[in-house]
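Data block below; observations after.
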Amino acid sequence: MRRNHVTLKVQYAALMDRDTATLALSIGARVKQERQSRGWTLDQLAEVAGMSRRMVVNVEQGAANPSVGTLLRISDALGIGLPSLVQRPQPKPVKVTRAGEGAALWMGESGGRGVLVAGTEPPDVLELWDWRLGPGDTHVSEAHTPGTKELMQVLEGTVTLAVGDQSVTLGAGDGVAFTGDVGHSYANQGAQLARFSLAVFEPGVGSGPRSGAHSG
């Protein structure tokens, strides 16, 4: 049984690596397409996004596993919003993301995952996330762009939310609303898996120069 357990764990890890690589290539192709459609050089995109040229090159080539903050800086610079950057285009008014098809944009050291399951197009971007934090997992987010707001509800376990200098521990069924344009973090300080749903509203994407990035 132990050998079977190890084999399944290795197979799962290999599957996750393959999915991550496929997503990285898809994102890279979209970034390159959007950049070229604007007639921008790599240096221009890097300057607007506030990052190095090498990082932009790595993202476009699918050679990097960029953080959510990096992807948000790029999507904000291009004015398309994170959902449009990571999701396959669907020419229908109803865009369905089936179970397991969301973009896993963050993975924790203890099995946590941050999955973007749905989102709207700019200028006022709304994102819906499914978050899981393993025991001891913590996700730290930079301050979002000004005016960003978030709604969160814990579905399983307990989550400690820190926003600026305030901290609150939430249990299953608890919900909270907070401004996302200050630094914040989510932590699972318990011994069991924690899961929560997160909605992020970012107004005015692509409407002009912006600063900051967010990651849920």
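Take the sequence shown: its letter number 140 is residue 124 in the numbering used here, and every next letter is one higher.
Glycine included, each C-beta is placed from N, C-alpha and C at the ideal position.
Here's a check: name, in chain order, each residue in its chain whose Cβ is nearer than 7 Å to the Cβ of residue i, leaving out the five neighbours to either side.
i: Ala175; result: Pro119
i: Arg57; result: Ala33, Gly34, Met35 and Ala197
i: Arg(-14); result: Any reading at Arg(-14) is ruled out, since the residue's pLDDT is 42, under 50, leaving its predicted position unreliable.
i: Leu26; result: Arg37, Val40 and Val41
i: Thr144; result: Ser151, Thr153, Ala171 and Gln173
Need the endpoints of the alpha helix (DSSP H) that residue i sits in, please.
i: Arg37; result: Arg37 to Glu44
i: Val32; result: Leu26 to Ala33
Are the beta-carbon atoms of residue i and residue j separated by less than 9 Å?
i: Asp121; j: Ser94; result: yes
i: His123; j: Ser68; result: no
i: Glu186; j: Leu110; result: yes
i: Leu117; j: Phe180; result: yes
i: Gly103; j: Gly65; result: yes
i: Leu182; j: Glu134; result: yes
i: Glu140; j: Ala127; result: no
i: Gly63; j: Pro106; result: yes
i: Thr129; j: Val101; result: no
i: Leu29; j: Ala61; result: yes
i: Glu44; j: Lys16; result: yes
i: Gly164; j: Ser125; result: yes
i: Val70; j: Arg19; result: no
Should residue i go down as buried or exposed, given a rule of 16 or more other Cβ atoms within 10 Å for buried?
i: Val206; result: The question about residue 206 has no answer here: the residues shown for the chain are numbered -15 through 200.
i: Ser59; result: buried
i: Ser21; result: exposed
i: Ala171; result: buried
i: Asp215; result: A question about residue 215 goes unanswered here, because the residues of the chain that appear run from -15 up to 200.
i: Thr142; result: buried
i: Thr153; result: exposed
i: Gly12; result: buried
i: Thr132; result: buried
i: Thr23; result: According to the sequence displayed, residue 23 carries Gly and not Thr. The residue in question, Gly23, is exposed, as its Cβ has fewer than 16 Cβ neighbours within 10 Å.
In terms of residues, what are the limits of the beta strand (DSSP E) holding residue i?
i: Glu111; result: Val109 to Leu117
i: Val184; result: Ala178 to Glu186
i: Thr122; result: Thr122 to Ser125
i: Ala171; result: His168 to Ala171
Apart from the five residues just before and just after residue i, which ones in its own chain have a Cβ nearer than 8 Å to its Cβ?
i: Gly148; result: Val166, Gly167 and His168
Just to confirm my understanding: we take residue i, look at its own chain, exclude 5 residues before and 5 after, and list those with CB closer than 6 Å. What are they?
i: Val99; result: Gly86, Ala88 and Asp114
Q: Output the residue ranges of the beta strand (DSSP E) runs that lie fully inside the region 127 to 159 and measure 3 residues or longer, sorted by chain position.
A: 133 to 140, 143 to 147 and 150 to 154
Q. Which full runs of the alpha helix (DSSP H) of 4+ residues lie inside the region 45 to 101, going along the chain?
A. You should have 52 to 62 and 66 to 70.
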